[in-house]
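For reference, the structure discussed in these notes is given below.
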Amino acid sequence: MIQDLIKKVVEYLRAKLPELKEKIPLVKLILFGSYAKNRHTVASDIDLLIIYNGNKLKDDYHIVWDILQLPEVQLHIYTLDEFEKLKSSGSSFPKEAEKGIILY
C-alpha cells in the first residue's frame, strides 16, 4: 500500500511536468526525503527539489505551487546558479536531495 502511494505521487508529478516546463525553464525535478526512501508516515511532507535555468523568478514558488497543488508539499526551488553555489558551499543538502527519485 505504501508503494502504491509513492507510485501515485510520482505519476501525478510526471503528469504535471509539461505544464511546469511551460512556465519555468526546468532543469531538474527530484522527489527526495522520506517519500523517496519509502519511509514516510502520515505526518511526512512531500519534499521536492526544483532547479531551473535563468534568473531568479520572483514568484517561482507560487508558479510551482499553483501547478502542483499538492497538500503537504515542501518545495525547495533554486536557479541552477543558486544550486551550484549551494553545492560548492559544502552544504550536505544538494548531495542528499540528488539521491532522490529523479523525475526530470
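Each number in this note's numbering comes from the position in the sequence shown (counting from 1) with 40 added on. Think of the CB as a built atom: it goes at the ideal place given N, C-alpha and C, for glycine as much as any other residue. Bear in mind that the values here come from a model prediction, so they are computed numbers and not experimental data.
Would you mind stating whether residue i and residue j have Cβ atoms separated by less than 7 angstroms?
| i | j | result |
| --- | --- | --- |
| ILE86 | VAL113 | yes |
| LEU71 | TYR144 | no |
| LEU66 | TYR101 | no |
| LYS63 | LEU108 | no |
| LEU88 | LEU60 | no |
Could you give the distance in angstroms between the alpha-carbon of residue i and the alpha-carbon of residue j?
| i | j | result |
| --- | --- | --- |
| ASP44 | SER129 | 37 angstroms |
| ASP121 | ILE90 | 13 angstroms |
| LYS139 | LEU53 | 17 angstroms |
| LYS47 | LEU97 | 30 angstroms |
| MET41 | PHE133 | Only weak support exists for where MET41 lies, its pLDDT of 48 falling under 50; the coordinates are left without a value. |
| HIS80 | ALA137 | 15 angstroms |
| VAL50 | TYR75 | 10 angstroms |
| PRO58 | SER131 | 31 angstroms |
| VAL82 | PRO111 | 12 angstroms |
| ASN78 | LYS135 | 18 angstroms |
| PHE123 | ASN95 | 12 angstroms |
The beta strand (DSSP E) spanning residue i covers which residue range?
| i | result |
| --- | --- |
| ASP87 | 86-92 |
At what residues does the alpha helix (DSSP H) containing residue i begin and finish?
| i | result |
| --- | --- |
| GLU136 | 133-137 |
With a floor of 3 residues, list each beta strand (DSSP E) that falls wholly inside the segment 48-130, ordered by position along the chain. Counting only runs of 3 or more residues that sit fully inside the segment 48-130, the beta strand (DSSP E) segments are 66-72, 86-92, 113-119, in chain order.
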